[in-house]
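Numbering (the working numbering), first residue to last: 6 to 200. Even for Gly, the Cβ is constructed at its ideal location relative to N, Cα and C. The structure appears right after this line, and notes come after that.
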């Protein structure tokens, strides 16, 4: 019986984008769009969210070019696998536990980036993070050259064991048990390295 129900749910999920009419059922008076635990698989694009966007535990798989979030993006344990270049997020972006594998160049984020427990495998060259960067327990093996982090860098449990030639971290580097064999030729560190 359960096997008969699950395929029908998968078909339902594949055909359930959020349209511009139903979106108003999920926006509060501050402009925050709350899609936590919803069955929608896509959000409209172009689209502007006046506040925060919460996709935690939702079935939304991607955010397309043309989406502007004037607050922060929270996508804990969501189905997000991609964010397109051209997306703008004024606050932080938090993908804790999501299947996201790649972070392309051209995404504007105004705060921290959290890729903890994601499937992240790469970051773009010359990435500038305007807050903390966490890749804890992500399978990423290397950091991009000329990485600039305006906060703390969290590495624990990732596969990173060497730093790029040029690295700038305004705060601390938390290794979380990672053993670093190669250190940058040019390291600009505002805080400490914490094992």
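Can you tell me which of the three DSSP states residue i falls into?
i, result
"residue 185", "coil"
"residue 14", "Caution is warranted here: a pLDDT of 45 is assigned to residue 14, below 50, making its placement in the model unreliable, and the coordinate value is therefore given only provisionally. DSSP places residue 14 in helix when its eight states are reduced to three."
"residue 136", "coil"
"residue 28", "helix"
"residue 22", "coil"
"residue 68", "strand"
With DSSP as the reference, identify every bridge partner of residue i, one or two as the case may be.
i, result
"residue 191", "171"
"residue 159", "139, 179"
"residue 39", "59"
"residue 198", "178"
"residue 145", "Paired residue(s): none; residue 145 is not in a bridge."
How far does the beta strand (DSSP E) with residue i in it extend, from its first residue to its last?
i, result
"residue 73", "72-74"
"residue 53", "52-54"
"residue 152", "152-154"
Taking C-alpha atoms, which residue in the options lies nearest to residue i?
i, options, result
"residue 154", "147, 191, 136, 163", "136"
"residue 186", "158, 156, 146", "146"
"residue 197", "182, 190, 188, 176", "176"
"residue 139", "178, 131, 113, 111", "178"
I'd like the ranges of any beta strand (DSSP E) spanning at least 3 consecutive residues and lying wholly in the segment 83-134. none
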